[in-house]
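The sequence shown begins at 3 in the working numbering and counts up one residue at a time. Ideal Cβ placement from N, Cα and C applies to all residues, glycine included.
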Amino acid sequence: MITSNAFDYVNVLDKAMDTSWKRETVIANNIANADTPTYKRKDIDFASALEEEIKRIRYTSIDNAVRNMDLDDVNPEVYTDHAHYSYRIDKNNVDPDTENVELASEQLRYQTLTTAMNMEFARFKSVIK
Numbered sequence: 003m004i005t006s007n008a009f010d011y012v013n014v015l016d017k018a019m020d021t022s023w024k025r026e027t028v029i030a031n032n033i034a035n036a037d038t039p040t041y042k043r044k045d046i047d048f049a050s051a052l053e054e055e056i057k058r059i060r061y062t063s064i065d066n067a068v069r070n071m072d073l074d075d076v077n078p079e080v081y082t083d084h085a086h087y088s089y090r091i092d093k094n095n096v097d098p099d100t101e102n103v104e105l106a107s108e109q110l111r112y113q114t115l116t117t118a119m120n121m122e123f124a125r126f127k128s129v130i131k
């Protein structure tokens, strides 16, 4: 993590990219265990963790919120999803079709975050010139 106000957005993007990569890994693991008896799907909810940190700093501009955000407090954990009841005899609750859609969605999110990160560094580069 870079400790300079110029890199506030880069740090948020970095945290989001790390979590997105981790979520892709978790979803791929769900797909790999689609036929494992009693396996329960796992997931990560970065948006809620980030929203909680932003709520802590409410009534301020987005720039101040990002500047005052403590990214060490934004630690989304992998959780086991028991909410999706399984109708399968083996009690596995992974739906491969849903997981593949989630994986494609997460890959798009990661590509978007990568593009945003590249744009931030392009801005730095243009200022340096």
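Asked	Found
For residue 35 and residue 79, the rounded distance between their alpha carbons	20 Å
Contact under 8 Å by Cβ, residue 94 with residue 39	yes
Burial state of residue 41, where buried means 16 or more other Cβ atoms lie within 10 Å	buried
Rounded Cβ spacing between residue 101 and residue 33 (contact assumed at less than 8 Å)	5 Å
Contacts around residue 23, its chain only, beta-carbon distance under 7 Å, and the 5 residues preceding and following it disregarded	112
Helix, strand or coil at residue 12 according to DSSP, with G and I counted as helix	helix
Buried versus exposed, by CB contacts within 10 Å (16 or more), residue 103	exposed
For residue 44: DSSP bridge partner residues	82
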